[in-house]
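Below: the structure, in structure tokens.
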Amino acid sequence: MAILKNCDGTTRRDCLKLGLGGLVAGGFLGSLEARAIANEQRAKNREADACILIWLDGGPTHYETFDPKPLAPVEIRGQFEAIQTKVSGVHYSKHMKKMAAIADKLAVVRSIRHNQGNHGAGNHYMMTGAPPRIPVGCGAFVSFHPSLGSVVAKELGAPNGLPPYFSMPRMSRSGGPNFLGAKYAPFVVSDDPNRKSFRVRDVALPSGLDGGDFSVRKDIRSSIDKMLRMNDEVAGDPAMAFDEFYDQGFELISSKEAQAAFDIGKEDGATRTAFGRNPFGQRALLARRLVQAGVPFVTLYEGGWDHHVGIFDALDKRLPSFESSIAALINDLEVNGMLERTMVVVLGEFGRTPTINARGGRDHWSNAMSVVFAGGGTSGGQVIGATDKQGYSAVENVLSPENFVSTIYKKLGIDPGKLLRSPDGRPIHLVSDANPIKELMA
Amino acid sequence: MMRRAFCKIFAMVVLLIAGLIFTDDARSNEPVSFQLDVQPILTSTGCNSGGCHGKQRGQNGFQLSLLGFDSDYDFAAITKESRGRRIFPASPEKSLLIQKATGALPHGGGQRIAPNSDEYRVLVEWIQQGNSRAISNEKKLVRVSLNHTDRLLAANESSQLQVTAHYDDGSTRDVTKQATYQSNDAAIVSVDEAGKILAGSIPGETAIMARYMYNIEVCHVAIPLAEKVEASVYKQLPRKNFIDELVWNKLSRLNIIPSESIDDAKFMRRVYTDIIGRIPTADEAREFLGLQKDNKREKLVDQLLEMPEYAEFAANKWADLLRTNPYRVGIKTTLNYDRWIRQQFRQNVPYDKFVKSIVAAKGSTFRNGAATMFRDRRSPDELTTIVTQLFLGIRLECAKCHHHPFEKWSQEDFYSFAAYFKNVSRKGTGLSPPISGSEEIILEMGNGSVKHPATGKVLSPNPLFGTAQVAVEQTGYDVLQSSESPKTLREVLADWIASEENEYFARVQVNRVWADLMGRGIVEPVDDLRATNPPSNSELLNALAKDFSNHGFDQKHLIRTICNSYVYGLSSKANDKNISDRINYSRHFRHRMRAETLLDSLSQITGVKPSFDATPSGTRASEIWTHRTGSLFLDTFGRPNPNEDPPCIRSSDFTVTQSLHLMNARDFHSQLINENGNAAKLAKSDKPSGEIVNEIYLMIYSRLPSADESKFATAIVFGKDGKTNQQIAVGKTSQPAAKAKPSEKGRRKRIEDLMWAMINTPEFSIQD
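Each protein sequence line maps, in turn, to chains D and Z. The first sequence maps to residues 1 to 442 in our numbering. The second sequence maps to residues 1001 to 1768 in our numbering.
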């Protein structure tokens, strides 16, 4: 906890005197300390400190990614051939070249299946580990249970005024906190880090204002604020909560560490190129910077994987750069010595139909999907479970979304069997089947 | 297999012998009843709790009904399931049930029962006696009672609860030990497993629930302030209407002294934000503050209730509760529904009529907005949960799957109520995700039935309590001619819901309105009127409900009555006699203003309106017809997310993203610095500096600045260019305004800075 050291012997007031940009997180030392101790204990029981969840929204095909079926008839196996990966006997589909080259670092789960064949419901099930309680349509965006990211945000927290849960470039469908409360909603960075003008919304000052201006405003604000505060906790004065969050916000704006995490320009050109000079590639790089700064959960929410039409053309265009960004992220984490404690997970809400439809696409299919894990104590070079010969359904070592989310929680040192209480007093298990995928556990 | 078969035979033989041996012994004991003796143990030791075997799908293959509400089910689970291996009659102590419960065998739940404890002996005896479902002449549990239902305790004082079970044969039993206890607010009064209640160190009140099987009783506990307050103190307090009297009565019981009354400026800001959902403009504020009339506050309330913004704001609140997700029911339907809701408030339709229109709605969802609920909620059970929660404040959701753990409602109650919706039928395509469905017509032509999910029994429609009229469907259409005004099931239901005798109906609505105006409901959550969740002032809640119903359920009357009370105008500033009061209205409870109120107020302050998708330009935030209309601001400030379930939850918390948004949001920034905005206008104006500062204070804080504030703000806006204002602090303006006036551009920037600073203080966003 470098930040505690920085502030050692310095009071909060001294910190404030250093002025904008020269500040370190000084507030909430008490709560940070408490959290640090809790985290330290937890760290002993966990395999990973952070998770980067790459979500391919729409439901990525398993055939054309990690579960090719070269022996199936052409109307099922499609146009892409299988390629050999670095691990003998393991094949991916033709565009997954960079991923194939690091197959020894990947664990591909081919046998997760569920019963929610539309986007809203499938998203909810995989994002929260709980099936939706009522039938949910495709366009719907639902939340009945706290998402992975929100739970991690609540349990682990983040240092330096950084929000503990990021979602880029937008909020994911079911990625909200539900009854955990707005505090644990993802911090959304919608701005494109691939642009020169990239700044994080609401954290960066609006253009036309500089640090000096802000400092002036801040001073005026503190002099003009005459509202009476009822300091006694029993009064439950919301003005006290206002102050707490104002200070936190200010801490984020002025924390060097936080600002540095957002400053993707600090990366050298070669690294930026390796990740791919496109919005997704740079978001992946930004995710790594955030994890480096102590953020425990980042969702990269990438739309456009609902290939009902012309799947092969679309993937010819999209997959090469996409998979190369993911491979770059994994390689980069390894080079930086972070892969051991950071897990990268790649998935969508479900797989896609075996038979190619009349429009040259594949439709929704929740009987089979591929989910990739790397890092965070996962041993690579594995394929877990299998679909049948034609990829219709997971048949070997069949696993559920519950097993999937339990794995992530367990790796992060959170007990998936934990009992939560909903606002109406109902006891709810964090995950109803708290068994992680054992092959993925160290 | 062979071995198992052998074991079984062996067991039976042993059982026979054991039976012979134990007969004597068993006869010497009272017969043990599964329902009356065993079940309470499984409940009090937590075996059948929601986190364990009582949860749906059970725990590790062993499932019991939640809190033992279904003894037949539990009996089967214990004695028959898993080939009866949970009971070992030959050696009762070796039964899996006993071995697991005592922790003799590995058990995920650990040791729940100590060997040789009373509980242990009862379980073993029950098995010894032949583990039967019922004993002969088994009596029935009718109710439980408590030794105290209302208790005043001093701080840190304790008191023992005693729970008595009453049976149908008139006998009673002390079940204090087997009962479970729960405090609604353990910080005020806690309760331990044995039923001993312990008052905390701060004054307050709460309810303690005792539950024995599915019977509950509540004890209200209050801890008054230690120092007695003379009755004359309360006698001297003003009483503007019945509300004041009832609030003072409650305060006098607790020795709480209310706060002072607020000044006109605060009152004005409070009623504006409460009634029309925005702060007053500078002109409105100036006018009201300048009035010299005795009854100017009452006049203002009347005036606000007649403004079109009242209807839009009230509808905005109801739309929270009724709002449909256009992704589910379609865009056109959602728009229609919104329009219908707004229309009800523009015409000030009485609340009972409003509710009846919804519950009994028929016709096209493209023409009759009121019918939309039936397009959105399609099955009788979905309709049951929303209708009971919205219009009765009864949360039946639990009773859908099991007996309500904190209430009297059973599954039979739930599905009998649901049977009122059995004939709802639909024509057309209501839902066809992902695209909007077409026109759908809601009819009452179905011939459905609703069954009890566990017993399969077809249930006839029945209200939750009291009696309802008989519907044509129940008498048959032959009788239709003879009946004066035949009513359908839903019409009968609507009448029952909105009848004057149904006290829940008025209570939940007055509580909702009261909570909006007073910062906290008399019952919280506002639509959870449980016996185990008692009101903080039941006399007040009942009086408000009665007044509402006596005045034809006129919503404006209700708001007017509350706003005209003396209590409404109390300051939020606590004194040492009411600082710990958070439920008795001895002071105003501060709260953050709603998302729409904040955004509309910001637009007014900056003089620049944001534009929203799918709305005419100039639309205010409280006029938006669906929460799906994008707005980063409204999302950040917690408007309900239609994707969440339940969809009506609106967050009133502060969050760090809100602070950041007010500090740095691009949208707000561009409103503030807009060429045609109020900051630019003020910078251009040639009004004297004091007036400009007054204007800014009226615009943002709805009050005039104090002399110090005025001096400080003037120095900021008209001080010498290029100097920061760090040196200048309120109260010690030793270096006041400079000689040279800053340029218009510089002045504008400083006005923007000042406005930004004020908007970023809690005085702007908190309703005080």
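Just so it is clear, CB atoms sit at the ideal spot from N, CA and C, and this is done for glycine as well.
Under the three-state DSSP convention, the category Gly-391 of chain D falls into: coil
Using three-state DSSP, classify Pro-427 of chain D as helix, strand or coil. In the structure shown, Pro-427 of chain D adopts extended strand secondary structure according to DSSP, grouped into three states.
If we count the other Cβ atoms within 10 Å of its Cβ and call it buried at 16 or more, is Ser-968 of chain Z buried or exposed? Outside the displayed span of chain Z (1001 to 1768) sits residue 968 of chain Z, for which this structure offers no information.
Could you round the C-beta distance between Pro-416 of chain D and Leu-430 of chain D to whole angstroms and report it? I think they count as a contact, below 8 Å. 6 Å
Using a Cβ-Cβ cut-off of less than 9 Å, give me the residues of the segment 50-66 of chain D that come near chain Z, in sequence order. Taking 9 Å as the Cβ-Cβ cut-off against chain Z, none of the residues of the segment 50-66 of chain D qualify.
Straight-line gap, Val-371 of chain D to Ala-442 of chain D (C-alpha atoms, nearest Å): 18 Å
8 Å contact criterion, which Ala-1665 of chain Z and Phe-1637 of chain Z should meet: CB distance rounded: Between Phe-1637 of chain Z and Ala-1665 of chain Z the Cβ distance is about 11 Å, and since that is not below 8 Å, they are no contact.
DSSP bridge partner residues for Arg-1211 of chain Z (one or two, in chain order): Z:Thr-1180 and Z:Ile-1216
When you compare each of Z:Val-1656, Z:Ala-1621, Z:Met-1663 and Z:Lys-1749 to Asn-1674 of chain Z by their alpha carbons, which one comes out closest? Of the listed residues, the one whose Cα sits closest to Asn-1674 of chain Z is Z:Lys-1749.
DSSP beta-bridge partners of Trp-55 of chain D: D:Tyr-301 and D:Leu-347
Using CA coordinates, which residue listed in Z:Thr-1385, Z:Ser-1410, Z:Met-1373 and Z:Ile-1216 is at the minimum distance from Asp-1070 of chain Z? Z:Ser-1410
Using 7 Å as the threshold, is the C-beta distance between Ile-1262 of chain Z and Gly-1569 of chain Z below it? Yes, the Cβ-Cβ distance between Ile-1262 of chain Z and Gly-1569 of chain Z is below 7 Å.
Check whether the segment 364-380 of chain D and the segment 94-111 of chain D touch, using three or more Cβ-Cβ pairs below 8 Å as the test. yes
Within the 7 Å Cβ cut-off, does Phe-245 of chain D reach chain Z? Interface annotation, Phe-245 of chain D: in contact with chain Z, CB-CB separation under 7 Å.
Determine the extent of the beta strand (DSSP E) in which Tyr-125 of chain D is found, giving its start and end residues. Unbroken run through Tyr-125 of chain D is the alpha helix (DSSP H), 119-128; no beta strand (DSSP E).
Should Pro-1031 of chain Z be flagged as near chain D, meaning a C-beta pair shorter than 7 Å? no
Residues in the same chain with beta-carbon distance under 7 Å from Glu-1695 of chain Z, minus the five sequence neighbours each way, listed in chain order, please. Ala-1282 and Leu-1682
For Glu-81 of chain D, collect the residues of the same chain with a Cβ closer than 7 Å to its Cβ; drop the 5 residues on either side in sequence, then sort them by chain order. Pro-70 and Lys-94
Report all residues from its chain with a CB closer than 6 Å to the CB of Pro-1468 of chain Z; omit the five preceding and five following residues, and keep chain order. Residue 1468 of chain Z is actually Ala in this sequence, not Pro. These residues qualify, in order along the chain: Val-1492 and Trp-1496.
Beta-carbon separation (whole angstroms), Ile-1197 of chain Z vs Ser-1158 of chain Z, contact threshold 8 Å: 6 Å
Nearest neighbour of Ala-260 of chain D, chosen from D:Arg-277, D:Val-295, D:Phe-242 and D:Met-230 [CA to CA]: The residue with the shortest Cα to Cα distance from Ala-260 of chain D is D:Val-295.
Using a 10 Å radius around the Cβ and a threshold of 16 neighbouring Cβ atoms, would you call Met-1307 of chain Z buried or exposed? By the 10 Å Cβ count, Met-1307 of chain Z comes out exposed.
Val-1488 of chain Z (DSSP reduced to helix, strand or coil): A small fix is needed here, since residue 1488 of chain Z is Thr in this sequence, not Val. Thr-1488 of chain Z: coil per DSSP, three-state reduction.
Return the residues of the segment 274-296 of chain D that lie within a Cβ-Cβ distance of less than 9 Å from chain Z, sorted by chain order. none
Distance, Arg-1342 of chain Z Cα to Gln-1509 of chain Z Cα: Rounded to whole angstroms, Gln-1509 of chain Z to Arg-1342 of chain Z spans 17 Å at the Cα level.
When you compare the CB positions of Arg-1490 of chain Z and Phe-1589 of chain Z, do they come within less than 7 Å of one another, or not? No, Cβ-Cβ distance for Arg-1490 of chain Z and Phe-1589 of chain Z is not below 7 Å.
Using three-state DSSP, classify Glu-396 of chain D as helix, strand or coil. If DSSP states are grouped into helix, strand and coil, Glu-396 of chain D belongs with the strands.
Residues of chain Z with CB closer than 7 Å to the CB of Leu-205 of chain D, please, in chain order. Listed along chain Z, the residues sitting closer than 7 Å to Leu-205 of chain D by beta-carbon distance are Asn-1664.
Buried versus exposed call for Val-1247 of chain Z [16 or more other C-beta atoms within 10 Å across all chains shown]: buried
Check whether chain D comes within 7 Å of Asp-1320 of chain Z, counting only Cβ atoms and requiring the distance to be less than that. No - not a single Cβ of chain D is within 7 Å of the one on Asp-1320 of chain Z.
If you count every other CB in all the chains shown that lies within 10 Å of the CB of Gln-116 of chain D, and 16 or more means buried, which is it? Gln-116 of chain D comes out buried.
Cβ of Val-74 of chain D within 7 Å of any chain Z Cβ: no
Just how far apart, CA to CA, sit Asp-1118 of chain Z and Gln-1178 of chain Z? 11 Å
Inter-residue Cα distance where the pair is Glu-1439 of chain Z and Phe-1313 of chain Z: 29 Å
Are the beta-carbon atoms belonging to Ile-1700 of chain Z and Phe-1633 of chain Z less than 7 Å from one another? no
Starting from Glu-1763 of chain Z, find everything on chain D with Cβ-Cβ shorter than 9 Å and list it in chain order. Ile-224, Asp-225, Lys-226, Met-227 and Ala-239
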